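Chemist:
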Amino acid sequence: MPSRYRTADQAWVRERNLSIVLNYIWEAGGPIARARLTEISGLNKSTIGALLAQLQAWGFVRELGTQNVGPGRPGMLIEINPDAGRIVGAEIGVDFISVVLADLKARVVWRRKIDTNGADALAQPQVLVQAERLVREAIDQAAAADCRVLGIGLGVPGLVDRAAGTLLFAPNLGWKDVPLREMWHAAFGVPVIVENEANAAALGEKMLGVGRQVEHFIYLSAGVGLGGGLMLDGKLYGGAGGFAGEVGHMTLVPDGPQCNCGNRGCWETLIGPTAINARVQQAAALGQTPWLLALP
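Counting from 1 along the sequence shown, just add 1 to a position and that's the residue number in this note's numbering.
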């Protein structure tokens, strides 16, 4: 095999190992011993030492001192350096935009949320301008703290081509084929990940919330629309087409109400928040539930 291929393979393995070790340190949720990293990663001590030296040089991790865990030399403790950078999280909803800035321990240090008119397809450019303005504010906040922004995660209510970072279709927004990753990478110059908002929430619960110790679960999102993120074996499951969690647009009643997606009888049209509100209003108007009439 030509040496250039071996070099490429070695570089790929090193990058992968750096990512694995950094993730183990982050998942520990606090200081972790070098010996423990060697144990759980399956890598030898010298490799762990070299990888940690690189991560320290980049500023992503820091040493906290030693800990006596048994006979022999005390073990060195390592933890994530929360101020090595900042991450921007953004969500474009049907009627809101939310942006947060977090440190590398996932602690939110700044947040903003505004209402929008995103349900009108004509408002798409204005909504994107508003979203980009909030992201720019977050980046400015990071700069004021002398921290660089390492990347942006964007959640949207629709079908997403994850590989391309394109919003394929958002029925409740009226948006189609919007190359969000390309647009935001050009605007901000940092890596951008675009994900369906329910999938992003499911990943958040797996990494930081009630799903940390659970391997299989579904996260249901009920706002203006209805969606879901499916986790199997601890990983986000998209199915053959990548849209396995999109329960809101599963057809339950073939001749049911018209849905924004173009189909009829979708789950969202029957039990989504908008549908429930319409049924409650109808019941109130007919006097079927008198107590509803007293509601403001």
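Cβ coordinates follow ideal geometry from the N, Cα and C atoms, glycine included. Quantities reported herein were computed from a predicted structural model and do not represent experimental measurements.
Straight-line CA distance for G60 to F244?
Modeler: As a first step, residue 60 is located in the sequence shown; it is residue number 59 there, counting from the start. As a first step, residue 244 is located in the sequence shown; it is residue number 243 there, counting from the start. Their Cα atoms are separated by approximately 37 Å.
Chemist: Would you check if there are 3 or more beta carbon pairs closer than 8 Å linking the segment 147-154 to the segment 87-94?
Modeler: Counting Cβ pairs under 8 Å, three or more are found: they touch.
Chemist: Along the chain, which unbroken stretches of the alpha helix (DSSP H) at least 4 residues long are found entirely within the segment 189-239?
Modeler: Here the runs fully enclosed are 198-209.
Chemist: Apart from the five residues on each side of it in sequence, which residues of its chain come closer than 7 Å, Cβ to Cβ, to A171?
Modeler: Locating residue 171 in the sequence shown gives position 170, counting from the first residue. Counting only Cβ-Cβ distances below 7 Å, and skipping sequence neighbours, we find V157, P158 and G159.
Chemist: Distance, Cα to Cα, L227 vs N264?
Modeler: In the sequence shown, the residue the question calls residue 227 occupies position 226. In the sequence shown, the residue the question calls residue 264 occupies position 263. Going from the Cα of L227 to the Cα of N264 covers about 15 Å.
Chemist: Candidates V95, G43, L204 and I26: which alpha carbon is nearest R63's?
Modeler: Sequence index remark: in the sequence shown, residue 63 carries index 62 (1-based). Considering only alpha carbons, the answer is I26.
Chemist: Below 8 Å between beta carbons: does that hold for N200 and L237?
Modeler: In the sequence shown, the residue the question calls residue 200 occupies position 199. In the sequence shown, the residue the question calls residue 237 occupies position 236. Contact flag set, yes.
Chemist: Per the contact definition of three or more C-beta pairs closer than 8 Å, is the segment 137-147 in contact with the segment 93-107?
Modeler: As far as the Cβ criterion goes, the segment 93-107 touches the segment 137-147, which means the pair count is three or higher.
Chemist: Taking 7 Å as the limit between beta carbons, can you name the residues of its chain near A29, skipping five residues before and five after?
Modeler: Your numbering for residue 29 matches position 28 in the sequence shown. Closer than 7 Å at the Cβ level, and outside the excluded window around A29, lies no residue.
Chemist: Using 8 Å as the threshold, is the segment 171-184 in touch with the segment 256-270, meaning 3 or more CB pairs across them?
Modeler: A contact exists between the segment 171-184 and the segment 256-270.
Chemist: Quickly, what does DSSP pair V100 with across the bridge? List them, please.
Modeler: What you label residue 100 is simply residue 99 of the sequence shown in a count that begins at 1. Bridge partners of V100: A91 and R113.
Chemist: What are the partner residues of V161, as DSSP defines its beta bridges?
Modeler: Walking along the sequence shown from the start, residue 161 turns up at place 160. Answer is L168, bridged to V161.
Chemist: Closer than 7 Å by C-beta to A132: which residues in its own chain qualify, once you throw out the five before and the five after it? Chain order, please.
Modeler: On the sequence shown, position 131 is the one that residue 132 refers to. Correct list, in chain order: A91, I93 and I98.
Chemist: May I have the straight-line CA-CA distance separating I33 from M208, to the nearest angstrom?
Modeler: As a working mapping, residue 33 is identified with position 32 in the sequence shown. As a working mapping, residue 208 is identified with position 207 in the sequence shown. Taking the straight line joining both Cα atoms gives about 18 Å.
Chemist: Using the Cα positions of T117 and V136, report the straight-line distance between them to the nearest angstrom.
Modeler: Indexing the sequence shown from 1 puts residue 117 at position 116. Indexing the sequence shown from 1 puts residue 136 at position 135. For T117 and V136, the distance between alpha carbons rounds to 15 Å.
Chemist: Reducing DSSP to helix, strand and coil, say where S4 ends up.
Modeler: Along the sequence shown, one-based indexing puts residue 4 at 3. With a pLDDT of 47 at S4, under the threshold of 50, the predicted position of this residue should be treated as unreliable, and no value is reported.
Chemist: CA-CA distance, A122 and L181?
Modeler: The count along the sequence shown starts at 1 and reaches residue 122 at position 121. The count along the sequence shown starts at 1 and reaches residue 181 at position 180. Unreliable positioning characterises A122 in this predicted model, as indicated by a pLDDT of 49, which lies under 50. A coordinate reading is not provided.
Chemist: Using the rule of at least 16 other Cβ atoms within 10 Å of the residue's Cβ for burial, across every protein chain shown, is A279 buried or exposed?
Modeler: Along the sequence shown, read from residue 1 onward, the residue named residue 279 stands at position 278. Exposed, because fewer than 16 other Cβ atoms sit within 10 Å of the Cβ of A279.
Chemist: Tell me the rounded alpha-carbon separation between D178 and Q125.
Modeler: Within the sequence shown, numbered from 1, the residue matching residue 178 stands at position 177. Within the sequence shown, numbered from 1, the residue matching residue 125 stands at position 124. So the two alpha carbons sit approximately 12 Å from each other.
Chemist: Can the beta-carbon of V22 be found less than 8 Å from the beta-carbon of S42?
Modeler: Within the sequence shown, residue 22 is the residue found at index 21, counting from 1. Within the sequence shown, residue 42 is the residue found at index 41, counting from 1. It is a contact, given that the beta carbons lie within the stated cut-off.
Chemist: Counting along the chain, where does the beta strand (DSSP E) carrying K177 start and finish?
Modeler: For the purposes of this step, residue 177 is identified with residue 176 of the sequence shown, where counting begins at 1. Taken as a continuous stretch (DSSP letters only), the beta strand (DSSP E) holding K177 covers W176 to V179.
Chemist: At the level of alpha carbons, what is the spacing between V161 and G288?
Modeler: Indexing the sequence shown from 1 puts residue 161 at position 160. Indexing the sequence shown from 1 puts residue 288 at position 287. Answer to the nearest angstrom: the Cα atoms are 43 Å apart.
Chemist: Short check: CB of L155 to CB of W185, under 8 Å?
Modeler: In the sequence shown, the residue the question calls residue 155 occupies position 154. In the sequence shown, the residue the question calls residue 185 occupies position 184. Against a cut-off of 8 Å, the Cβ pair of W185 and L155 comes out as a contact.
Chemist: Thinking C-alpha only, which one of K106, R134 and A107 is nearest R113?
Modeler: Position 112 of the sequence shown, counted from the start, is the residue given in the question as residue 113. Comparing Cα-Cα distances from R113 to each of K106, R134 and A107, the minimum goes to R134.
Chemist: Any idea what DSSP makes of V53, helix, strand or coil?
Modeler: Here the question's residue 53 lines up with position 52 in the sequence shown. One point to set straight first is that residue 53 is Leu, not Val, in the sequence displayed. If DSSP states are grouped into helix, strand and coil, L53 belongs with the helices.
Chemist: Have a look at A107, L52 and L231 and flag the residue whose alpha-carbon is nearest the alpha-carbon of V248.
Modeler: Position 247 of the sequence shown, counted from the start, is the residue given in the question as residue 248. The shortest C-alpha separation from V248 is found at L231.
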